[in-house]
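Throughout the sequence shown, residue numbering follows the numbering used here, covering 89 to 454 in sequence.
By construction, the Cβ of each residue, glycine as well, lies at the ideal position given by its N, Cα and C atoms.
Just so you know, these numbers come straight off a predicted model, no measurement behind them.
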Amino acid sequence: MVYLCLLVVLLACLTWFIHSHKIYIKTSTMAAVMSLGIIVQGVLFNYFGNPFSQGFFGKFLSIINLSLWLAFVISVFMASFGGKFKEIHYSNQINRFAIGTWVAGTSICGILLHAEFNQLVFIPRLLTVMNVVLWIIYIGISLKTLIEIIRTKRFKNVHGILLLTTVSTQSIVLLTNAVFKGLPSIMNMTFLIVGFCFYIICAFFILFRYVMSSWSIEKDWNNTNCILHGALSISGIACIKTSLVNADMITFIWVSAIMIFLLIESVEIFRMIKRIKHYGFQKGIWTYDVTQWGRIFTFAMFYTFTFTIKQNLELLVFIKEEIIHIGIWIVLSLLIIEIVLCSNFIIKTYLTSQKEMHKENEVTFP
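Pasting the structure below:
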């Protein structure tokens, strides 16, 4: 009851703020819910164990994430009823793929509800059914958009956001297997195959874009490209949870995720250096962008995959242990930095909107 009251209070405050300032979230904003959710459920729960997951902090962080998710859902409905849904969430061809964050964000919230408040069994079950419907709509939109990209040959704008098709699909696997027990193997296998197919197709699109066109690492390399290893990590976790894939294949997926992680993050470090030289520290890296939540999600998902996988080979066990003990502090440090940047952005946006209220009565949330 205490946690329910806390959820109601937080949601009421967020709803009032969103409604009173007519805040319409960007399509990718739900990535914040994805990131916080996987850090709570996959990183902190695993590392600190039952004392954290069954205690106050686990439930408190889950409530915060659930309240954010509900507030963002309300903002999306506001955009729909206000006639702005198409403009904000659909008009931009590539941005449509970001709707996958809504599916994945809902999945992690359903998993948190089931894990932390299992007395409310019917709520995560209802949420699961609704999320599967949302996933079907999203996949339909994604397939339509992929066909449009092929037909118009507009590959130059694609980036890692396309891989949210894989992330959303495998999040459905994790959600359904958490909430419902004894699902048919054919159902799990179908989702797994669909997720991997989307990974292969979208990775090809991204590779084609960077190989076949000229680009600048400072301007044209997107934060979302880190989903290349994040999507593979969540696919690996889905394979483990369904128990339909043998250990050798899961090890192969994990090793592949490590290699892609090292490759992508090496590019990211080089990009960071180039951006600092080109734009300076403040504009180069110390600035908020909603897509940065995607990086936190992918790091946390890779950490969770590493924690979950079982290994017998001495070298792989050593690598796993190092990632577990060092990785948690990297993930938490990235989260703190992102919260600071996001908070500064929100405050500046709010103050600016207050000054310009007589000119414009609507603001866009990050």
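Boundaries (first-last residue) of the alpha helix (DSSP H) holding residue i
{"i": "residue 225", "result": "210–240"}
{"i": "residue 112", "result": "Where residue 112 is concerned, there is no enclosing alpha helix (DSSP H), although the beta strand (DSSP E) it sits in stretches over 111–113."}
{"i": "residue 152", "result": "144–169"}
{"i": "residue 190", "result": "188–204"}
{"i": "residue 107", "result": "90–108"}
{"i": "residue 184", "result": "No alpha helix (DSSP H) contains residue 184, which DSSP labels as neither H nor E."}
{"i": "residue 381", "result": "380–396"}
{"i": "residue 135", "result": "133–136"}
{"i": "residue 370", "result": "335–372"}
{"i": "residue 126", "result": "119–126"}
Beta carbon of residue i nearer than 8 Å to that of residue j
{"i": "residue 323", "j": "residue 399", "result": "no"}
{"i": "residue 358", "j": "residue 297", "result": "no"}
{"i": "residue 127", "j": "residue 345", "result": "no"}
{"i": "residue 216", "j": "residue 164", "result": "no"}
{"i": "residue 176", "j": "residue 112", "result": "yes"}
{"i": "residue 376", "j": "residue 284", "result": "no"}
{"i": "residue 294", "j": "residue 311", "result": "no"}
{"i": "residue 116", "j": "residue 386", "result": "no"}
{"i": "residue 57", "j": "residue 191", "result": "With the chain covering 89 to 454 only, the question about residue 57 has no answer from this structure."}
{"i": "residue 198", "j": "residue 121", "result": "no"}
{"i": "residue 251", "j": "residue 159", "result": "no"}
{"i": "residue 91", "j": "residue 151", "result": "yes"}
For residue j and residue i, believed in contact at Cβ under 8 Å, the rounded distance
{"i": "residue 327", "j": "residue 338", "result": "5 Å"}
{"i": "residue 438", "j": "residue 131", "result": "In fact, because the Cβ distance is near 30 Å, the residues do not count as touching under 8 Å."}
{"i": "residue 393", "j": "residue 321", "result": "4 Å"}
{"i": "residue 229", "j": "residue 187", "result": "7 Å"}
{"i": "residue 279", "j": "residue 261", "result": "5 Å"}
{"i": "residue 200", "j": "residue 153", "result": "6 Å"}
{"i": "residue 245", "j": "residue 182", "result": "5 Å"}
{"i": "residue 341", "j": "residue 317", "result": "With 8 Å as the limit, residue 341 and residue 317 do not qualify as a contact, their Cβ atoms being about 11 Å apart."}
Status (buried if at least 16 other CB within 10 Å, exposed otherwise) for residue i
{"i": "residue 212", "result": "buried"}
{"i": "residue 383", "result": "buried"}
{"i": "residue 184", "result": "buried"}
{"i": "residue 100", "result": "exposed"}
{"i": "residue 351", "result": "exposed"}
{"i": "residue 410", "result": "exposed"}
{"i": "residue 307", "result": "exposed"}
{"i": "residue 403", "result": "exposed"}
{"i": "residue 304", "result": "exposed"}
Threshold first: 4 residues or longer. Then list the alpha helix (DSSP H) segments lying entirely within the stretch 244–317, N to C. 252–267, 273–300, 305–308
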